[in-house]
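Peer 1: As you go down the protein sequences, you meet chains A and B in turn.
Quick note: our numbering has the first sequence finishing at residue 218, numbered continuously throughout.
Quick note: our numbering has the second sequence finishing at residue 341, numbered continuously throughout.
Ideal Cβ placement from N, Cα and C applies to all residues, glycine included.
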Amino acid sequence: MRLVAERLGVDRGGRMVLRGVSFSVTAGEALIVLGPNGAGKSTLLRALAGLVAAAEGRVEFENGDPDAPREDALHLLGHQDGVKAGLSVRRNLAAARDILGGEGDLDAALGRVGLGHAAELPGSVLSAGQRRRLALARLLAAPRPVWLLDEPTAALDVAGQDLLGELMSEHRARGGLIVAATHLELKLEDARRLELQPLTMEAEED
Amino acid sequence: MQRNRHVPWLQTLPPMTSPIAALLLRDLALARGGGAGLGLVFFLLVVTLTPFAVGPDLALLERIGPAILWLGALLATLLGLDRLMQADHEDGSLDLIHLAPAPLELMVGAKILAHWLTTGLPLVAATPLFGAMLGVAPAATLKVALALLIGTPAIACLGAIGAALTVGLRKGGLLAPVMILPLAIPVLIFGVAASDPAGDGFGPMGVLAGLALGYAALGPFAAAAALRLLRD
Numbered sequence: 013m014r015l016v017a018e019r020l021g022v023d024r025g026g027r028m029v030l031r032g033v034s035f036s037v038t039a040g041e042a043l044i045v046l047g048p049n050g051a052g053k054s055t056l057l058r059a060l061a062g063l064v065a066a067a068e069g070r071v072e073f074e075n076g077d078p079d080a081p082r083e084d085a086l087h088l089l090g091h092q093d094g095v096k097a098g099l100s101v102r103r104n105l106a107a108a109r110d111i112l113g114g115e116g117d118l119d120a121a122l123g124r125v126g127l128g129h130a131a132e133l134p135g136s137v138l139s140a141g142q143r144r145r146l147a148l149a150r151l152l153a154a155p156r157p158v159w160l161l162d163e164p165t166a167a168l169d170v171a172g173q174d175l176l177g178e179l180m181s182e183h184r185a186r187g188g189l190i191v192a193a194t195h196l197e198l199k200l201e202d203a204r205r206l207e208l209q210p211l212t213m214e215a216e217e218d
Numbered sequence: 110m111q112r113n114r115h116v117p118w119l120q121t122l123p124p125m126t127s128p129i130a131a132l133l134l135r136d137l138a139l140a141r142g143g144g145a146g147l148g149l150v151f152f153l154l155v156v157t158l159t160p161f162a163v164g165p166d167l168a169l170l171e172r173i174g175p176a177i178l179w180l181g182a183l184l185a186t187l188l189g190l191d192r193l194m195q196a197d198h199e200d201g202s203l204d205l206i207h208l209a210p211a212p213l214e215l216m217v218g219a220k221i222l223a224h225w226l227t228t229g230l231p232l233v234a235a236t237p238l239f240g241a242m243l244g245v246a247p248a249a250t251l252k253v254a255l256a257l258l259i260g261t262p263a264i265a266c267l268g269a270i271g272a273a274l275t276v277g278l279r280k281g282g283l284l285a286p287v288m289i290l291p292l293a294i295p296v297l298i299f300g301v302a303a304s305d306p307a308g309d310g311f312g313p314m315g316v317l318a319g320l321a322l323g324y325a326a327l328g329p330f331a332a333a334a335a336l337r338l339l340r341d
């Protein structure tokens with residue numbers, strides 16, 4: 013499995029946010045997307061996920077199932093954690109897993125991210141860090157080969173960041189691939205780096 | 110991993126853990142947690158206040174009763190619309206729905222069905238009681254209930270289109286109902302005509318059913334297209 017972006021450009025509301033982004037990530041590899049605020053890191057991940065249309069260039073999954081839509085093979089962990097306040101932690105994870113078509117064990121996933129004791133609590137009482145851990149549990153309950161992580165360490169404590177590091181290395185050892193956007197250091201060994209710069213007006217006119 | 114990917118949906122019924130069933134059950138559970146009763150209470154308010162506004166004229170109330178029931182039901186159905194897609198957009202669940210291994214149209218259809226089951230169906234069930242409060246004869250209220258049973262799904266489908274079109278707007282709360290109201294007017298006209306206790310009702314009921322089928326066929330596709338277009 014290989015994720016390839018070629019001269020990718022994304023237009024948002026008539027303004028180019030990304031232009032000429034090229035890279036490829038193969039199974040077991042990780043790519044860290046760096047850049048200041050507004051450089052288009054989140055937009056890049058959403059374009060890779062197919063949630064935002066590419067204005068130029070292309071994104072492709074090579075050696076994947078050619079019949080399967082790209083959306084079926086990836087996880088996108090965005091800024092919002094997708095946690096419903098009115099449902100219990102367990103029910104939240106069950107709904108997300110089933111919507112994503114996964115079959116993983118709920119309690120094992122919750123235990124792994126340190127929410128085993130909170131399974132029956134309503135989503136409304138979770139702290140920001142716990143909500144993020146619940147979002148991480150989705151990655152385990154519905155295994156998919158590509159993880160697109162947007163600021164995955166946001167709101168996580170030190171133990172949580174260690175946990176994230178472990179989950180990411182296990183995922184890579186299983187042959188998964190990761191693209192993570194961040195402006196902090198991530199616990200990812202020998203990851204490749206992609207620096208994004210905000211497009212200025214002059215660059216747009218080139 | 111993606112068990113259902115190659116299963117043609119029309120040939121086999123999805124198992125209960127399919128993405129579509131999961132979304133339906135999630136939305137039903139969320140509605141049980143709160144919000145589902147709002148439309149019903151609004152409907153009750155309209156029906157309770159009407160006799161005070163019109164005056165204690167039973168003959169008049171009985172004559173305008175079906176129209177009042179329809180107005181109340183229409184407005185009550187529109188009431189919860191702004192949350193239909195907006196809630197999922199705000200907490201990021203809409204991304205999950207986009208990434209589900211199922212057609213977005215069917216996922217939207219599941220949301221519409223859940224919305225109707227929790228807002229439209231209770232209105233239909235309450236209509237015989239509320240009709241009695243307006244002095245409408247039992248046979249006539251049953252006719253109104255039947256017309257609402259056919260008409261409210263049409264309004265829910267229209268509402269989903271409005272909700273999908275306003276999904277990114279921070280203060281789009283009332284925009285969706287206002288946008289779809291013109292399209293709901295035919296449903297109201299034929300719904301009230303079909304509820305007329307004096308008329309034979311079959312003709313208008315047929316047109317109402319045709320409208321409902323048309324909107325049911327259009328709703329999920331138009332709403333899914335709007336969500337695709339507006340996702341950011």
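Nearest by alpha-carbon distance to A234(B): which of L251(B), L222(B), A246(B), M242(B) is it?
Peer 2: Residue L251(B) is the option with its Cα nearest to A234(B).
Peer 1: I want to verify the contact list: residues of chain A whose CB lies under 9 Å from the CB of V192(B), in sequence order.
Peer 2: Residue identity check: residue 192(B) is Arg in the sequence provided, not Val. By Cβ distance, chain A contributes nothing, its closest Cβ being about 12 Å from R192(B), past 9 Å.
Peer 1: Are any of the Cβ atoms in chain B nearer than 8 Å to that of E53(A)?
Peer 2: In the sequence on display, residue 53(A) carries Lys and not Glu. No, because no Cβ of chain B sits closer than 8 Å to the Cβ of K53(A).
Peer 1: Between D200(B) and chain A, is the shortest Cβ-Cβ distance under 8 Å, so that the two count as touching?
Peer 2: Yes - at least one Cβ of chain A is within 8 Å of the one on D200(B).
Peer 1: Along the alpha helix (DSSP H) that carries W225(B), what are the first and last residues, could you check?
Peer 2: Note, W225(B): premise wrong, no alpha helix (DSSP H); not H, not E.
Peer 1: Going along the chain, which residues of its own chain have a beta-carbon closer than 6 Å to the beta-carbon of V155(B), five neighbours each way excluded?
Peer 2: So the list reads G181, once near-sequence residues are dropped.
Peer 1: Sorted by chain position, which residues of the same chain lie with C-beta nearer than 6 Å to H224(B)'s C-beta, five sequence neighbours on each side aside?
Peer 2: Within the same chain, H224(B) has close Cβ partners L193, A265.
Peer 1: If you draw a straight line from the alpha carbon of L176(A) to that of T159(B), how long is it in whole angstroms?
Peer 2: When rounded, the distance between both Cα atoms is 60 Å.
Peer 1: Hey, could you find the ends of the beta strand (DSSP E) S5(A) is sitting in?
Peer 2: No statement about residue 5(A) is possible, as the shown extent of chain A runs from 13 to 218 and does not include it.
Peer 1: Under 8 Å between C-beta atoms, does A107(A) make it to chain B?
Peer 2: It does: the Cβ of A107(A) has a partner Cβ on chain B nearer than 8 Å.
Peer 1: Using the C-alpha atoms, what's the distance from V296(B) back to A263(B)?
Peer 2: Approximately 8 Å between the Cα atoms of the pair.
Peer 1: Whole angstroms is fine: what's the gap from V125(A)'s alpha carbon to V137(A)'s?
Peer 2: Cα to Cα, the separation comes out at about 17 Å.
Peer 1: Beta-carbon within less than 8 Å of L122(B)'s beta-carbon, same chain only, minus the 5 sequence neighbours each way: which residues are those?
Peer 2: For L122(B), the predicted structure reports a pLDDT of 48, less than 50, and the residue's modelled location is therefore unreliable. A value from the coordinates is still provided. Result list for L122(B): empty, nothing under 8 Å.
Peer 1: At 3 residues or longer, what runs of the beta strand (DSSP E) sit wholly inside the stretch 73-136 of chain A?
Peer 2: Qualifying beta strand (DSSP E) stretches, in chain order: 86-89.
Peer 1: I'd like to know if T207(B) contacts chain A, where contact means its C-beta is closer than 8 Å to some C-beta of that chain.
Peer 2: Correcting the residue identity first, residue 207(B) is His in this sequence and not Thr. For H207(B), the answer is yes, since a Cβ of chain A falls inside 8 Å of its Cβ.
Peer 1: What are the start and end residues of the alpha helix (DSSP H) that includes A192(A)?
Peer 2: No alpha helix (DSSP H) contains A192(A), which is instead part of the beta strand (DSSP E) from 189-193.
Peer 1: Just the chain B side, please: which residues come within less than 8 Å of D9(A) by C-beta, in chain order?
Peer 2: Absent from the model: residue 9(A). The displayed extent of chain A is 13 to 218, so no value can be given.
Peer 1: Could you pull the start and end residues of the beta strand (DSSP E) that S34(A) belongs to?
Peer 2: Per DSSP, S34(A) belongs to the beta strand (DSSP E) from 27-38.
Peer 1: Which stretch, first to last residue, makes up the alpha helix (DSSP H) that contains L154(B)?
Peer 2: L154(B) -> alpha helix (DSSP H) spans 146-163.
Peer 1: Less than 8 Å between CB atoms is the rule here; does L339(B) satisfy it with respect to chain A?
Peer 2: Chain A, which has no Cβ nearer than 8 Å to the Cβ of L339(B), makes this no.
Peer 1: Is it the case that the stretch 237-255 of chain B contacts the stretch 193-213 of chain B, given that we only count it when at least three CB pairs across the two stretches are under 8 Å?
Peer 2: Judged by Cβ distances under 8 Å, the stretch 193-213 of chain B makes no contact with the stretch 237-255 of chain B, as fewer than three pairs qualify.
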